[in-house]
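> Protein chains in written order, with the working numbering: chain S, 914 to 1167; chain G, 24 to 113.
All residues carry an ideal CB built from backbone N, CA and C; glycine is no exception.
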Amino acid sequence: MIPVLIVIGAFGIGFISAIAGIGGGSLLVPFLVLALGYNVKVAIATSLMCIVVTSSSASSEYLRRGLVDMGTALLLEPLTALGAITGAYITLTLPANVLKIALGALFLYISAETIWKALHERKGGVEVPGSVTALRKAVGSTLSFMAGLASGVFGIGGGVIKVPIMTYIMKLPIKTAVATSSFMVGLTAASGEIVYLTKNLTDPLTATLLSVGIIPGAILGAKCLKKTKPKYVRIVFGAVLLYASLRLLTSITP
Amino acid sequence: MKYETPSLILRYGTITGLIIAILGEVLTTIKPTLKPLTYYGLGIIIATPITSLTAIAAIHAIKHDLKTFTLAALALAIMLTTIVVMLIKP
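1) Please return the same chain residues whose Cβ sits closer than 8 Å to the Cβ of ILE68(G), not counting the five positions on each side in sequence.
2) I'd like to know if GLY1061(S) contacts chain G, where contact means its C-beta is closer than 8 Å to some C-beta of that chain.
3) Does any CB atom of chain G fall closer than 8 Å to the CB of ALA1103(S)?
4) To which residues of the same chain is LEU945(S) closer than 6 Å at the C-beta, ignoring the five residues directly before and after it?
5) Any beta carbon of chain G sitting closer than 8 Å to that of MET1079(S)?
6) Under 8 Å: do the segment 1094 to 1101 of chain S and the segment 963 to 976 of chain S share three or more Cβ pairs, one atom per stretch?
7) Any beta carbon from chain G within less than 8 Å of MET962(S)'s own beta carbon?
8) Is it right to say ARG978(S) is buried, meaning 16 or more other beta carbons lie within 10 angstroms of its own, or is it exposed?
9) Which full runs of the alpha helix (DSSP H) of 4+ residues lie inside the segment 931 to 995 of chain S, going along the chain?
10) Tell me whether VAL1045(S) sits in a helix, a strand or coil according to DSSP, three-state version.
11) With a CB to CB cut of under 8 Å and the five nearest residues on each side skipped, what residues in its chain are close to PRO916(S)?
12) Can you give me the Cβ contacts of ARG1160(S) inside the same chain, cut-off strictly under 7 Å, excluding the 5 residues immediately before and after it?
13) Taking one C-beta from the segment 90 to 99 of chain G and one from the segment 58 to 68 of chain G each time, how about it: are there three or more such pairs within less than 8 Å?
14) GLY1134(S) and ILE929(S): beta carbons closer than 8 Å?
15) What whole-angstrom Cβ distance do ALA997(S) and GLY1105(S) have, given they're in contact under 8 Å?
16) Under 7 Å Cβ-Cβ, which residues of chain G neighbour SER1124(S)?
17) Would you report the Cα separation of LEU1085(S) and ALA1063(S), rounded to the nearest angstrom?
18) CB ALA1102(S) to CB VAL981(S), shorter than 8 Å?
19) Does the count of Cβ pairs from the segment 1145 to 1159 of chain S and the segment 70 to 90 of chain G closer than 8 Å reach three?
Structure, rendered in structure tokens:
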């Protein structure tokens, strides 16, 4: 029964993620911890493996279409990978309660940002491509270390941090930023996952079942994108994440 | 710039890893000694983005684009060092 639940849950997460335009990591971890009762460290490690699968599938298409800005991706990736590895090490040493508080705070932030964006959405978006100074490149690289750190610590892709870095600091158009971030997420998540897999924290069956469910869910979500209003999906996503963060924060045991 | 080969590596590497992992899980229920097959599958999934990055580095090396090649090689070096350290460390 549990395997079926995991596949159905992952399918739903893939569907929502594709429509809301976010990575699945921020929903996968609460799903595993709160709905299925997994240990928070196992959930983080397993989620990261699933992110490698989804990101690789998506960025395969982006690379084929030439949408990835390889110069920016490779400029940011070394420090991001280093951040992810450091993050995974931090998670190994942190007590579960500290992780729950940190995760709860992160999801609270993402849910607030998602709802805010959905309510204050501007048509056309911000596209300000232009020249990037050495200072901007340095700031972008430093901040991408933080994105990697978040990925390694929390088991998320880190796109929620990378895309703003690329659009606002590296001045990439939004579509290029999303494609470049997706390519980078696979590499970053793989870097963090190396640490978890060698420490036997990844649940292989759950990772496989999640991957099996999330890909068709994301494909269906992408197909339904035109028929649904992303604004309302984002509000629902934000509300679910808000609930998850509150549940995480209240589940801390002395 | 379009990256056909790295794109193919990502697509088929992920599919192959996933199939081996599923096969491993199914076969483990019949013969528990086949559990490592699942880990091989997961290992292939992790190795896929790294292999794709290696192909990208090679493409830029062939084109004498030293800057992009160096950055790709740096990212690869960080990942490969981690793998080696994790395998050596008890």
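Checking against the coordinates, here is how it stands:
1) Listed in chain order, the non-local C-beta contacts of ILE68(G) below 8 Å within the same chain comprise GLY36, THR37, GLY40, LEU41, ALA44, local neighbours out to five positions each way being set aside.
2) no
3) yes
4) TYR951, ALA956
5) no
6) yes
7) yes
8) When all chains shown are included, ARG978(S) counts as exposed.
9) Fully enclosed alpha helix (DSSP H) runs of no fewer than 4 residues occupy 938 to 943, 953 to 978 of the segment 931 to 995 of chain S, in order along the chain.
10) coil
11) LEU1118, LEU1122
12) LEU947
13) no
14) yes
15) That belief holds up - the Cβ atoms of ALA997(S) and GLY1105(S) are roughly 4 Å apart, short of 8 Å.
16) LEU41
17) Rounded to the nearest angstrom, the two C-alpha atoms are 22 Å apart.
18) Contact: no.
19) no
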